[in-house]
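Peer 1: In this note's numbering, the protein residues as written are 329 to 632. Glycine residues also receive a C-beta, built at the ideal position from the N, C-alpha and C atoms.
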């Protein structure tokens, strides 16, 4: 029995010995290969260094390629960093202010418009303050200026109509180019404050041309040609009265005046107009101008 056990142990040792030998041989081979590989790399570097030392043109070419590669890797990093770099002067380009700095009357208007038209109160505060300042100088109710702005663009400074009216007050830029020259050119139409000033100037001119009539001035402002402009005029006047009530701290009006243009009747052709064309104007009885006279036997139409 003991002899059999020893025989089995000897067989196991014979089986393990070849596996150990293979592992050791593989390890030695890996070490030798690594040493030889490092030696080859070292030899290659030495040969390369000697070659670059003797061939200056190769060295310069390699240096240039390496520099170009480094710059290409470095420039995108610089560009991406510059895109998000701080800009302390950005605040100077913002058209906004803290509404706490406004008088109470103007602040109330700014907050009311902000809620109704869903626009931030800070930029609206600038427009309200500017409307009050311009309105005082131009002798126009500032709430009328704000009402025109509300109906025209809903306080969108980048709005543009199909016919080319632009900005907050939808001024026709191509028509009023001269007015924008004082502000640096036509692109100033998209600056909210500039558009407000130019629009208020155009509105004042329209009211003056209409003989001081606000309704007539609004009709000229909107350029109503094919219609009487009453729809636009009624919208602006109603909004004007709402904003005015907010500014004055009064209850909101429930009814508004309705503008109806007076129809213009063309004068009928009379003998008087014919005579006037010839330079001779006869004196007519006043009743004859307003009441038709009954036809006489001489003037009655003949019937068949």
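#1: Taking all protein chains shown into account, decide if residue 595 is buried (16 or more other Cβ within 10 angstroms of its Cβ) or exposed.
#2: What's the C-alpha gap between residue 433 and residue 577?
#3: Just verifying my parser: in three-state terms, what is the DSSP assignment at residue 493?
#4: Who are the Cβ neighbours of residue 425 in its own chain at under 8 Å, not counting the five residues just before and after it?
#5: Which one of 374, 398, 546 and 359 has the shortest CA to CA distance from residue 473?
#6: Can you look up residue 531 in the DSSP assignment and give me helix, strand or coil?
#7: Taking residue 422 as the reference, which of 520, 532, 575 and 446 has the closest Cα?
#8: Hey, out of 555, 557, 556 and 581, whose CA is closest to residue 567's CA?
#9: Quick check on the DSSP output: the alpha helix (DSSP H) that includes residue 505 runs from which residue to which?
#10: On the premise that residue 543 lies in contact with residue 561, defined as a C-beta separation below 8 Å, what is that separation, rounded to the nearest angstrom?
#11: Assess, as a yes-or-no matter, whether the region 512 to 531 is touched by the region 481 to 500 under the definition of 3 or more beta carbon pairs within less than 8 Å.
#12: For residue 556, which residues of its own chain have a beta-carbon under 8 Å away from its beta-carbon, when the five flanking residues on both sides are left out?
#13: In the DSSP assignment, find the unbroken alpha helix (DSSP H) run with residue 466 in it and report its ends.
#14: Taking DSSP as the reference, what is the three-state secondary structure of residue 488?
Peer 2: So, to answer that:
#1: Low confidence applies to residue 595: its pLDDT is 48, below 50, so where it sits in the model is not reliable, and the reading given next is rough at best. That one is exposed.
#2: 8 Å
#3: strand
#4: 450, 453, 454 and 457
#5: 546
#6: helix
#7: 520
#8: 581
#9: 505 to 509
#10: 5 Å
#11: yes
#12: 547 and 589
#13: 449 to 466
#14: strand
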